[in-house]
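Single-structure report; data block below.
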Amino acid sequence: MSIEKAPLHFGADVSPRLKTAVSALRGVGPARVKALSKLGITTLGDFIRFYPRTYEDRTRLSPIAALVPGVSVCITAMVAAQPRLHRVRSGRDLVKVRVVDDSGSLDITFFNRAYVKNQLQPGNTYIFYGEVTGSAKRPEMINPIFEPADKPRATGRLVPVYPLSAGLNQTFMASCARSALDALGDTPKDPLPLDVLQTFQLASLRFALENIHFPTSAEALDIARRRLVFEELFIFSSALAYLRRGRKKAEGRALGEHNLEEFFSKLPFTLTNAQKRAISEATEDMRRGVPMSRLVQGDVGSGKTVVAAACCWYAWKSGCQSAFMAPTEILAAQHEKTLWHLLEPHGMRVALLTGSLPAKRKRTVLEQLQLGEVDVVVGTHALISEGVNFFDLSLVITDEQHRFGVGQRSALSRKGEHPHVLVMSATPIPRTLALILYGDLDISVIDELPPGRTPVETYAVDERMRERIYNFVRRLVSEGRQVYIVCPMVEESNTADLDLKSVKEYAEQLKNNVFPDLAVGLVHGKLRPGEKEAVMSAFASGELNILVATTVIEVGVDVPNATLMIIENADRFGLSQLHQLRGRVGRGQHQSYCVLFEGGGGEVARQRMKILTETNDGFKIAEEDLRLRGPGDFFGARQHGLPGLRIASLATDMSSLSLAQRAAHELIERDPMLSSPEHAGLRDAIENLMHTTADTLN
Ligand code: ADP
Ligand code: MG
Numbered sequence: 030m031s032i033e034k035a036p037l038h039f040g041a042d043v044s045p046r047l048k049t050a051v052s053a054l055r056g057v058g059p060a061r062v063k064a065l066s067k068l069g070i071t072t073l074g075d076f077i078r079f080y081p082r083t084y085e086d087r088t089r090l091s092p093i094a095a096l097v098p099g100v101s102v103c104i105t106a107m108v109a110a111q112p113r114l115h116r117v118r119s120g121r122d123l124v125k126v127r128v129v130d131d132s133g134s135l136d137i138t139f140f141n142r143a144y145v146k147n148q149l150q151p152g153n154t155y156i157f158y159g160e161v162t163g164s165a166k167r168p169e170m171i172n173p174i175f176e177p178a179d180k181p182r183a184t185g186r187l188v189p190v191y192p193l194s195a196g197l198n199q200t201f202m203a204s205c206a207r208s209a210l211d212a213l214g215d216t217p218k219d220p221l222p223l224d225v226l227q228t229f230q231l232a233s234l235r236f237a238l239e240n241i242h243f244p245t246s247a248e249a250l251d252i253a254r255r256r257l258v259f260e261e262l263f264i265f266s267s268a269l270a271y272l273r274r275g276r277k278k279a280e281g282r283a284l285g286e287h288n289l290e291e292f293f294s295k296l297p298f299t300l301t302n303a304q305k306r307a308i309s310e311a312t313e314d315m316r317r318g319v320p321m322s323r324l325v326q327g328d329v330g331s332g333k334t335v336v337a338a339a340c341c342w343y344a345w346k347s348g349c350q351s352a353f354m355a356p357t358e359i360l361a362a363q364h365e366k367t368l369w370h371l372l373e374p375h376g377m378r379v380a381l382l383t384g385s386l387p388a389k390r391k392r393t394v395l396e397q398l399q400l401g402e403v404d405v406v407v408g409t410h411a412l413i414s415e416g417v418n419f420f421d422l423s424l425v426i427t428d429e430q431h432r433f434g435v436g437q438r439s440a441l442s443r444k445g446e447h448p449h450v451l452v453m454s455a456t457p458i459p460r461t462l463a464l465i466l467y468g469d470l471d472i473s474v475i476d477e478l479p480p481g482r483t484p485v486e487t488y489a490v491d492e493r494m495r496e497r498i499y500n501f502v503r504r505l506v507s508e509g510r511q512v513y514i515v516c517p518m519v520e521e522s523n524t525a526d527l528d529l530k531s532v533k534e535y536a537e538q539l540k541n542n543v544f545p546d547l548a549v550g551l552v553h554g555k556l557r558p559g560e561k562e563a564v565m566s567a568f569a570s571g572e573l574n575i576l577v578a579t580t581v582i583e584v585g586v587d588v589p590n591a592t593l594m595i596i597e598n599a600d601r602f603g604l605s606q607l608h609q610l611r612g613r614v615g616r617g618q619h620q621s622y623c624v625l626f627e628g629g630g631g632e633v634a635r636q637r638m639k640i641l642t643e644t645n646d647g648f649k650i651a652e653e654d655l656r657l658r659g660p661g662d663f664f665g666a667r668q669h670g671l672p673g674l675r676i677a678s679l680a681t682d683m684s685s686l687s688l689a690q691r692a693a694h695e696l697i698e699r700d701p702m703l704s705s706p707e708h709a710g711l712r713d714a715i716e717n718l719m720h721t722t723a724d725t726l727n
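Number 252 in this note's numbering belongs to position 223 of the sequence shown; there are no gaps in the numbering.
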C-alpha cells in the first residue's frame with residue numbers, strides 16, 4: 030500500500046468534524062464516495078493532505094482592448110444588454126451576451142448553459158475568466174467562468190487544480206478542501222518541532238495548508254510548498270532513523286566467530302576485494318547480537334551469489350539454517366545448483382523448494398527442513414507458504430529485491446526468530462535514492478567485476494544497419510551462439526494489448542521471413558507461468574537460436590551461450606534498464622555484443638545511448654540516467670513513485686532532502702524514543718507513515 034491511498038491523521042486531538050465520512054457530506058452519493066476512495070479520500074480530513082496537482086493562474090486582469098487570443102485572463106466588465114438564447118439545429122443551445130469595460134466591448138458565448146441567461150443581469154458588473162479566442166481584432170470568449178465583481182472567490186487568484194477521478198470536478202474538490210481547512214482550526218498539531226521550524230525558517234502548518242490549497246499569491250504558494258516538502262522529507266528521514274535505532278536494539282542471534290578462509294579455500298575462484306568486503310560486512314553483522322538487515326548491491330555478474338553462499342556457510346558453522354528466496358522457479362533452480370556447488374564441498378545440505386516440485390519430493394524437503402536435515406533451502410515464494418517450518422532458521426536471503434514486496438520478505442523472516450536478513454539487488458541506484466528506497470537497510474556495494482570478463486561491446490545503430498545486424502545474427506548462430514531480441518513493452522500499461530500484438534507480429538515476421546531456417550521463440554509477460562518457463566528452458570537448453578522477448582528476461586536468467594542482445598526502440602527504455610538487460614549477455618567465455626536500435630528518439634536519446642556504449646559501470650549509468658531524466662522516469666513506469674512522498678520531488682528537492690536528513694538524525698540522537706512532548710506530533714506522523722507504508726518500510 031502506498032501512502033497516496035492512505036488516510037491521514039492529525040493525531041488524537043483533532044477536530045471531530047474532520048473524521049466525518051465523505052458519505053455524510055452534502056452532495057456526496059455512492060458514486061462520489063467510490064470516486065473519492067479511488068483517490069484515497071474517505072473522510073473530510075483526507076482532503077487536507079490531498080494537495081493540488083497544479084494551479085490555474087487567474088490573477089491576470091486585462092482591459093478588453095488589450096485582449097490577446099490564446100491567453101487566459103480575467104476581465105471586469107458590465108453586461109451591456111439582455112443575454113440572448115439561441116437554439117442551434119443540432120439541438121444544442123447557446124447564449125450570447127455583450128459585455129463592456131472602459132476600453133471596449135466583447136462578445137461572450139456560452140454553449141449549453143441556458144441558465145446563464147438568467148444569471149447575468151444587464152447593468153451588473155462581473156469578473157469573467159477564460160481563454161481569449163477569435164482574432165486580435167475581434168476577440169471572443171467561450172464558456173468563461175464568471176462571478177459578481179464585488180465578491181471574487183474563483184477569480185483574481187491562483188486556483189487549485191486537483192487530481193480527479195471520473196465523476197468528480199474541480200469545484201467540488203475545492204469546496205471540500207475549503208470545508209476541511211475550516212474544520213481544521215487555527216493551530217493544528219504540527220509534526221515539525223518548533224526549533225526545526227525556526228532553524229529552517231519554515232511557515233506554520235496552518236499557513237502552509239491554507240496556501241497550498243488556496244494560495245493568496247505566488248510567493249505564499251512557494252513558502253507553503255517549501256514547508257510541506259521539508260515536512261515530508263523530514264518525517265520520512267526521521268522514520269528511517271527511528272527504525273534503524275529500534276532495529277539496533279532488537280534481539281538477534283549472535284553467531285560465533287568462524288574463519289572464512291575455510292570457506293574461501295574451497296571456492297573455484299579467487300574473490301574480488303569487493304566481494305570480500307561485502308562478506309566481511311555481512312558476517313560482522315551476524316556476529317553482533319542485532320539482526321542483520323543488509324542490502325548487497327552489485328551489477329549483474331558482479332558475483333553476489335557467492336556472497337550469499339558465504340553467509341549461508343557462516344550460519345551453518347553456528348548450526349543454523351538459511352533460506353534463499355528467488356522471484357521465479359528458473360532462478361530458484363539456478364541458485365540451488367550454484368549454491369550446491371559452492372556449499373556441498375563443505376558437507377552442507379542444500380535443497381530446492383518450489384511450487385512445481387512433485388508432491389512426494391516436497392513432503393520430504395518439508396520434513397527435512399523441520400528436522401534440521403537441510404541446511405540451506407532455495408525456493409520461490411513457496412517458501413513462505415503455510416506448512417513450511419524450520420528447525421532453526423537464522424538467515425533469510427532474497428534475490429532481486431524489487432520483485433518482492435517487503436511483505437513477502439518479512440513473511441519469510443517470521444519463519445524464524447528475528448533472523449538475519451540479506452537482500453540482493455542488481456539495480457545499481459545512486460546513493461541518495463538508495464537511502465530513500467531501501468530505508469533502513471545497511472548497504473554493501475560490489476563495485477568490481479570478477480577479473481577476466483570481456484566487457485559487452487555495445488553499439489547504438491539506426492535502421493540503415495538492420496540488414497547487417499541480421500547477417501551478424503546468422504553468423505553468430507552458425508558459430509553455435511544464441512541471440513536475444515528485446516522489444517520494449519510496458520507490461521502494465523493500458524496499451525499493452527496493442528504492444529503485445531506488435532511484438533507477436535514482429536516475432537512472426539522474424540520467424541517466417543527473416544530467419545525461416547532458425548528456431549525462434551517468443552516470451553512475454555502475458556504467457557502463463559508454465560508456458561513462460563517452457564520457452565525459457567528451451568532457450569536455456571539451446572533448442573532455440575533466437576529468443577524474442579519483452580522485458581521479462583530482465584530477471585537474472587543465466588544463458589552463458591547467448592552472446593548477442595538486440596534491443597529494439599532502445600530509447601524507450603531507461604538507461605539503467607538497458608544496462609540491466611545487457612547483463613543477460615557476456616556471461617560466458619565468448620565475446621558478447623549488445624546492439625541498440627535507436628528508434629528515432631532524437632538528440633537526447635542519442636546522447637543517452639552513447640553513455641551505454643562508453644561504460645559498463647552500472648552506478649555511473651544510474652547517476653547519468655538520474656541526471657538526464659530525473660527520478661520519476663529513472664524508475665520507469667514499473668516503479669510506483671517513492672514511498673510516502675506526496676509533494677516532494679526528488680528531481681527538484683534533493684537539497685531539501687539532505688537538510689531534512691541531517692535535522693532528522695540530530696533529533697533522533699537527542700530524543701531516540703521521541704518521548705518529549707514537543708515531539709508528539711512527529712511521533713504520530715511517523716507512526717502513521719509506518720502504518721501506511723508497511724510495504725516499503727520495515
Ligand atoms: P550476480 O548474481 O551478481 O549477477 P553471479 O553471482 O551470478 O552474479 O556471478 C556471475 C558469474 O561470475 C558466476 O558464473 C560466478 O560463478 C562467477 N564469479 C563470481 N565471482 C567470481 C570471481 N571472484 N571470480 C571469477 N568468477 C566469479
Ligand atoms: Mg544474481
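Every residue, glycine too, gets a C-beta built ideally from N, C-alpha and C.
From a predicted model like this one, the values you see are computed outputs, not experimental measurements.
If you ignore the 5 residues before and after A689, its C-beta comes within less than 7 Å of the C-beta of F259, L262, F263, S266, all in its own chain and listed in chain order.
According to the DSSP assignment, A361 belongs to the alpha helix (DSSP H) that extends over 358-372. The continuous stretches of alpha helix (DSSP H) do not include T301, and DSSP gives it neither H nor E. Judged by their CB atoms, L371 and V335 are nearer to each other than the 8 Å cut-off.
At a cut-off of 4 residues, the continuous stretches assigned as alpha helix (DSSP H) that sit fully inside the segment 220-292 are 223-228, 234-242, 247-278. Bounds of the alpha helix (DSSP H) holding G631 are 631-643. Per DSSP, the continuous alpha helix (DSSP H) segment holding Y499 begins and ends at 495-507. Taking non-hydrogen atoms of the ligand MG into account, the C-beta of K530 is found less than 7 Å away from none of them. For F419, there is no enclosing alpha helix (DSSP H), as DSSP marks it with neither H nor E. Look at G629: its beta carbon is at least 7 Å from all of the heavy atoms in the ligand ADP. Under DSSP, the beta-bridge partners assigned to P177 are Y155.
Here DSSP, grouped into helix, strand and coil, assigns C205 to helix. Within the same chain, and ignoring the five residues on either side of A578 in sequence, the residues whose Cβ sits closer than 8 Å to its Cβ are Y513, I514, V515, C516, L551, V552, H553. Proximity of the segment 299-306 to the segment 240-259 falls short of the contact definition, fewer than three beta-carbon pairs being nearer than 8 Å. In the DSSP assignment, G408 falls within the unbroken beta strand (DSSP E) covering 405-408.
By the CB criterion at 8 Å, L593 and A599 fall outside the cutoff. Sequence-distant partners of H115 (beyond 5 residues in either direction) whose C-beta falls short of 6 Å from its own C-beta, in its chain, are L123. Contact between the segment 486-498 and the segment 621-635 is established, with three or more Cβ pairs separated by less than 8 Å. Under the three-state reduction of DSSP, M702 is assigned to coil, being neither helix nor strand. Of the other Cβ atoms in all chains shown, 16 or more fall within 10 Å of the Cβ of K561; this residue is therefore buried.
The beta-carbon separation of E365 and V407, rounded to 4 Å, stays under the 8 Å limit for a contact.
In the DSSP assignment, T383 falls outside any alpha helix (DSSP H) and carries neither an H nor an E. Excluding its 5 nearest sequence neighbours in each direction, F298 has C-beta neighbours in its own chain below 8 Å: P479, listed in chain order. Residue pairing by DSSP places D86 opposite L187 in a beta bridge. Comparing C-alpha distances from T72 to each of D528, I93, A50, S66 shows the shortest one belongs to A50. Taking 7 Å as the cut-off, the C-beta of T312 does not count as close to any heavy atom of the ligand ADP.
Contact between V450 and V425 is confirmed by a C-beta separation of about 5 Å, below the 8 Å threshold.
The beta carbon of L223 sits closer than 8 Å to those of E707, all from its chain and outside the five residues before and after it, given in chain order. With a contact defined as Cβ atoms closer than 8 Å, N147 and G159 miss out at about 20 Å. Here DSSP, grouped into helix, strand and coil, assigns F140 to strand.
Under the 8 Å Cβ criterion, the segment 353-368 does not count as touching the segment 391-400, having fewer than three qualifying pairs. If you ignore the 5 residues before and after R316, its C-beta comes within less than 8 Å of the C-beta of A283, L284, G285, E286, all in its own chain and listed in chain order.
Looking at the DSSP output, H553 bridges to nothing. Judged by DSSP in its simplified three-state form, E560 adopts helix. Pairwise C-beta distances place the segment 120-137 out of contact with the segment 185-202, as fewer than three of them are shorter than 8 Å.
Residue burial is scored here from C-beta neighbours: E652 has at least 16 other C-beta atoms within 10 angstroms and is therefore classed as buried.
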